[in-house]
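Participant: Residues -16 to -1, 1 to 434 (mature numbering (1 follows the signal peptide of the UniProt record, and there is no 0)) make up the sequence shown, in order.
C-beta atoms are modelled at their ideal positions from N, C-alpha and C, and glycine is treated no differently.
Values in this document were obtained by computation on a predicted structure and should not be read as measured data.
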Amino acid sequence: MGACLAACSLLSCASCLCGSAPCILCGCCPASRNSTVSRLLFTAFLFLGVLVSIIMLSPGVESQLHKVSQVGPDPTLEVLILKGSLEGSGSLLSFHAVYRMCFATAAFFFLFTLLMICVRSSRDPRAAIQNGFWFFKFLALVGITVGAFYIPDGSFSNIWFYFGVVGSFLFILIQLVLLIDFAHSWNQRWLWKAEERDSRAWYAGLFFFTLLFYSLSIAAVALLFLYYTQPGACHEGKVFISLNLILCVCVSVIAVLPKVQEAQPNSGLLQASVITLYTMFVTWLALSNVPDQKCNPHLLTTLGNETALAGSEGYVSHWWDAPSIVGLIIFILCTLFISLRASDHRQVNSLMQTEECPPVLEATQQQQGRAFDNEQDGVTYSYSFFHFCLVLASLHIMMTLTNWYRPSETRKMISTWTAVWVKVCASWAGLLLYLWTLVAPALLPNRDFS
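#1: Please report the residue range of the alpha helix (DSSP H) in which Met100 lies.
#2: With a 10 Å radius around its C-beta and 16 neighbouring C-beta atoms as the bar for buried, classify Asn18 as buried or exposed.
#3: Among the candidates His282, Ala239, Trp268, whose CA atom is the shortest distance from the CA of Pro425?
#4: For Ser226, which option in Gln248, Ser152, Trp186, Leu271 has the closest C-alpha, if you only look at C-alpha atoms?
#5: Can you give the beta carbon distance from Met85 to His371, rounded, assuming they're within the 8 angstroms contact cut?
#6: Take the Cβ of Trp176 as the centre, count every other Cβ of all protein chains shown within 10 Å, and call the residue buried at 16 or more, exposed below.
#7: Kindly identify the DSSP beta-bridge partner or partners of Gln245.
#8: Kindly indicate the opening and closing residues of the alpha helix (DSSP H) around Phe209.
#9: By Cβ distance below 6 angstroms, which residues in the same chain neighbour Cys373 in space, the five residues on each side in sequence not counted?
#10: Give every residue of the same chain whose Cβ lies closer than 6 angstroms to the Cβ of Gly252, excluding the five residues on either side of it in the sequence, and list them in chain order.
#11: Quick one: residues in its chain with C-beta nearer than 6 angstroms to the C-beta of Leu345, no 5 flanking neighbours on either side, listed in chain order?
#12: Who are Ala217's beta bridge partners in DSSP?
#13: How close, in whole Å, do the beta carbons of Met264 and Val205 come, if the pair is a contact with beta carbons under 8 angstroms?
#14: Taking Cβ positions, are Ile156 and Val266 nearer each other than 8 angstroms?
#15: Taking all protein chains shown into account, decide if Arg23 is buried (16 or more other Cβ within 10 angstroms of its Cβ) or exposed.
#16: Below 6 angstroms CB to CB, which residues in the same chain sit around Ser378 once its five sequence neighbours on both sides are set aside?
#17: Taking only three categories from DSSP, how would you classify Lys278?
#18: Identify whether Asn171 lies in helix, strand or coil by the three-state DSSP scheme.
#19: For Ala81 and Asn273, what's the separation of their Cα atoms in angstroms?
#20: What's the C-alpha gap between Ile202 and Leu30?
#21: Around the C-beta of residue 468, are 16 or more other C-beta atoms found within 10 angstroms, so that it is buried, or is it exposed?
#22: On a Cα-Cα basis, can you pick out the residue from Thr400, Trp268, Gln114, Gly414 that is closest to Ser366?
#23: For Asp108, name the three-state secondary structure that DSSP assigns.
#24: Exposed or buried, Ala185, counting other C-beta atoms within 10 Å across all chains shown (16 or more means buried)?
#25: Alpha carbon to alpha carbon, how far is Phe122 from Leu231? Give it in angstroms, no decimals.
#26: How close, in whole Å, do the beta carbons of Val34 and Ile259 come, if the pair is a contact with beta carbons under 8 angstroms?
#27: Can you give me the C-alpha to C-alpha distance between Phe140 and Gln245, rounded to a whole angstrom?
#28: Quick check on Tyr418: does DSSP put it in helix, strand or coil?
#29: When burial is assigned at 16 or more other CB atoms within 10 Å of the CB, is Asn142 buried or exposed?
#30: Within its chain, find whatever has a CB closer than 8 angstroms to the CB of Pro307; leave out the 5 residues flanking it on each side and keep chain order.
#31: Helix, strand or coil, according to DSSP, for Ile38 in the structure here?
#32: Three or more beta-carbon pairs under 8 angstroms between the segment 103 to 118 and the segment 143 to 155, yes or no?
#33: Nearest by alpha-carbon distance to Ile309: which of Thr384, Asn280, Lys243 is it?
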């Protein structure tokens, strides 16, 4: 009897791995949308690739792989293959592994980007591929990853670097869009509670967080000038910090102008303070990539064994410095944000190509089981655009973990001015995007920006 139950359980698990997303949920899971479960599972695939990349970057793994080259007189076939990889392209070590791992995840999601174009509802046969066959998807990802590690070095790293630059720039803008949406939703929800309950506590909360974010921004500016500039030097850093500070002051003033408030009553200083703090964070990321030790305290002088690992004398930096760790945390939160919810605002929904599922349909289907198909009448998000966002996320995390390493210029893990300019330009583009959300309702009164 026990053997029969075990066999039935095994068959059930196998069918779920080849079936739809609802099968993945266990009995203790709450009722969930089919679309949400699918997005979370795809995001888990991305996080798995990130975890493998971090492991391959760890010094312990790299040193152990180097020891393979000192094999005994009678090595096994597996050791010989690994040794050949290490002595050849070095694709299993350091940034080589990150480039290939992120290439595999980006290629995997790009294939789904093309495959899922113009899927309108779950009745489309391709929707079954989106929401099921997880075991085969995992095998496909593993296969692409193994193939990526056989790509010869040649010009692969140099070309893929530019893909990473463009993708990371676009993902930084997506992060800002999500942050703007979060700030607008937060401000609108607390104002609604303050008016509904006639309580000043919600106004006090908004004032407190607005003051907190502006205080943190001012402290960030002071610390950036203190640690990333020097008297008579670091002129670029001084210009970047000062210019971004002026732009943040400008958008904060515009956010409370009478005409802007009249066209967009929910606009306020809370959103401006959040955007200001995020701009200072991106400025910090940019300055942490300046390839000059006088202007960048994150660069370490290589001595002794570190010089041997770096390949030459000079300066070296690691991905696990403070800016990269904070950037990794924000990356994880934004990626989960993309997977979990749709926006309450039409502008963000239009840009991110998502929409809320009709609540009546959800209430009806929640009674039928743990998970339900909420896309029979229409998808709640663009399958293709969602996968494209994960492509950009793969490229962004590749650049983050490698400190925007450029193979053609140096053999050390040091970024170049390319990274600095990309991040600074991303901060400017983000401020312009936020400025447009402020002035668009006033400039185009006939359009609905609710």
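Facilitator: Result, derived from the coordinates:
#1: Per DSSP, Met100 is not a residue of any alpha helix (DSSP H), being assigned neither H nor E.
#2: Counting Cβ neighbours within 10 Å, Asn18 comes out buried, since at least 16 surround it.
#3: Taking only the C-alpha atoms, the option nearest Pro425 is Ala239.
#4: Measuring from the Cα of Ser226, the nearest candidate turns out to be Leu271.
#5: Not a contact, Cβ separation roughly 18 angstroms.
#6: Trp176 should be labelled exposed.
#7: Answer is none; Gln245 lacks a bridge partner.
#8: Run containing Phe209: 184 to 212, per the alpha helix (DSSP H) assignment.
#9: So the qualifying residues of the chain are Ile322.
#10: So the qualifying residues of the chain are Asn171.
#11: Because Leu345 sits at a pLDDT of 46, beneath the cut-off of 50, its placement in the model cannot be relied upon, and the following sentence gives the value as read from the coordinates. Closer than 6 angstroms at the Cβ level, and outside the excluded window around Leu345, lies no residue.
#12: Its beta-bridge partners are Gln214.
#13: 6 angstroms between Cβ atoms; contact.
#14: Ile156 places its beta carbon less than 8 angstroms from that of Val266.
#15: Counting the other CB atoms within 10 Å of its CB gives Arg23 a total of 16 or more, which places it among the buried residues.
#16: These residues qualify, in order along the chain: Cys86, Thr89, Ala90.
#17: The three-state reading of DSSP puts Lys278 in coil, since its state is none of H, G, I, E or B.
#18: When secondary structure is reduced to three states using DSSP, Asn171 falls in the helix class.
#19: Cα to Cα, Ala81 sits roughly 21 angstroms from Asn273.
#20: In a straight line, the C-alpha of Ile202 is about 35 angstroms away from that of Leu30.
#21: A query on residue 468 cannot be resolved here, the shown segment of the chain reaching from -16 to 434 and no further.
#22: When only C-alpha atoms are compared, the closest one is Gln114.
#23: In the structure shown, Asp108 sits in coil (DSSP, three-state: anything other than H, G, I, E or B).
#24: By the neighbour-count definition (other C-beta atoms within 10 Å, threshold 16), Ala185 is an exposed residue.
#25: Rounded to the nearest angstrom, the gap between the Cα atoms of Leu231 and Phe122 is 45 angstroms.
#26: At roughly 27 angstroms, the Cβ-Cβ gap does not stay under 8 angstroms, so Val34 and Ile259 are not in contact.
#27: CA-CA distance, Phe140 to Gln245, rounds to 51 angstroms.
#28: In the structure shown, Tyr418 falls within a helical segment according to DSSP collapsed to helix, strand and coil.
#29: The residue in question, Asn142, is exposed, as its Cβ has fewer than 16 Cβ neighbours within 10 Å.
#30: Within the same chain, Pro307 has close Cβ partners Trp268, Leu269, Ser272, His282.
#31: Three-state DSSP puts Ile38 in a helix.
#32: Too few Cβ pairs lie closer than 8 angstroms, so no.
#33: Selected option, being the one with the closest Cα: Thr384.
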